[in-house]
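Before any comments, here is the structure.
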Ligand SMILES: [Zn+2]
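Numbering (the numbering used here), first residue to last: 34 to 295.
So, in structure tokens, the structure goes:
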């Protein structure tokens, strides 16, 4: 019998219809994946959980504009925007609480500028998201249909492992393996996944956290033992083209694609 694993990316309420950063199609993806888990019964499931504070660098409340407002969800902030004073990082928090978030306000600004420059060097822009997956909030929890499937699988076997990502409020972590500015957070997990006869990948969102996790695996080496379950993952609205581009990269690198019914 083959040793099968599943890497399940961010199967949380906030990324499903009704959540704060809903991915259209995610509920149906979750239903199909739960059926697949019940049928295939993988030996091990690694579940990543996107986990933020309200004042995460990718949430509106981390920023204070010159007009006293916060940035709109889905807008972007550049290093130049912070250098020029258009946006102040953690300004709102400081104003409300009366103390700097961490260190002096100047140091915090400098840190934000350095981070945004590092992102830009890697070809990324910094997107502000609707507040999502705030730790201990309802939206942070796993969507019920998958939670139940995982509980059944885990019962008596301990074969489900949960990995928190995104807890550092100073940097974005789409990938379960590294931050968007290139700091490895979980290299050992990638090697562990490669030790299985086959590792399946599913979850949300195809255009962001799934794509960036897969890109790390592609940089690490051959991906022919990995299979993306294409009907158990969907893109963030407006990023459908980015998801298509990623799928082409994945297939060209030798990554397998399959439906949950395959
Ligand atoms: Zn997030």
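Every residue gets a Cβ at the ideal spot worked out from N, C-alpha and C, and that includes glycine.
* To do: Following the continuous alpha helix (DSSP H) through residue 200, name the residue where it begins and the one where it ends.
  => Numbered from 1 along the chain shown, position 167 holds the residue referred to as residue 200. Counting along the chain, residue 200 sits inside no alpha helix (DSSP H), nor does DSSP assign it H or E at all.
* Grouping DSSP H, G and I as helix and E and B as strand, with all else coil, what is residue 56? -> Working through the chain shown from its first residue, we reach residue 56 at position 23. DSSP places residue 56 in coil when its eight states are reduced to three.
* Asked: Alpha carbon to alpha carbon, what distance is there between residue 81 and residue 195?
  -> Residue 195 sits at position 162 when you count from the first residue of the chain shown. Residue 81 sits at position 48 when you count from the first residue of the chain shown. The alpha-carbon atoms of residue 195 and residue 81 are separated by roughly 6 Å.
* To do: Go ahead and pull the three-state DSSP assignment for residue 174.
  => As a first step, residue 174 is located in the chain shown; it is residue number 141 there, counting from the start. The answer is coil: DSSP assigns residue 174 none of H, G, I, E or B.
* Got a sec: is the Cβ-Cβ distance from residue 153 to anything in chain D below 7 Å? -> Although the question refers to chain D, the structure presented lacks it and comprises just one protein chain.
* Asked: In whole angstroms, what is the alpha-carbon distance linking residue 283 and residue 140?
  -> In the chain shown, the residue the question calls residue 283 occupies position 250. In the chain shown, the residue the question calls residue 140 occupies position 107. Going by the C-alpha atoms only, they are around 39 Å apart.
* DSSP beta-bridge partners for residue 121? -> Mapped onto the chain shown, residue 121 falls at position 88. Answer is 97, bridged to residue 121.
* To do: Hey, could you find the ends of the alpha helix (DSSP H) residue 274 is sitting in?
  => Numbered from 1 along the chain shown, position 241 holds the residue referred to as residue 274. It spans 273 to 285 - the alpha helix (DSSP H) in which residue 274 sits, taken as one unbroken run.
* **residue 81 (DSSP reduced to helix, strand or coil)** => If you number the chain shown from 1, residue 81 lands on position 48. Annotated three-state conformation of residue 81 is strand, per DSSP.
* Asked: Can you pull the DSSP bridge partners for residue 291?
  -> On the chain shown, residue 291 is found 258 positions in, with the first residue counted as 1. In the DSSP output, where bridge partners are listed per residue, residue 291 has 262.
* Asked: According to DSSP, is residue 218 helix, strand or coil?
  -> Within the chain shown, the letter at position 185 stands for residue 218. Here DSSP, grouped into helix, strand and coil, assigns residue 218 to coil.
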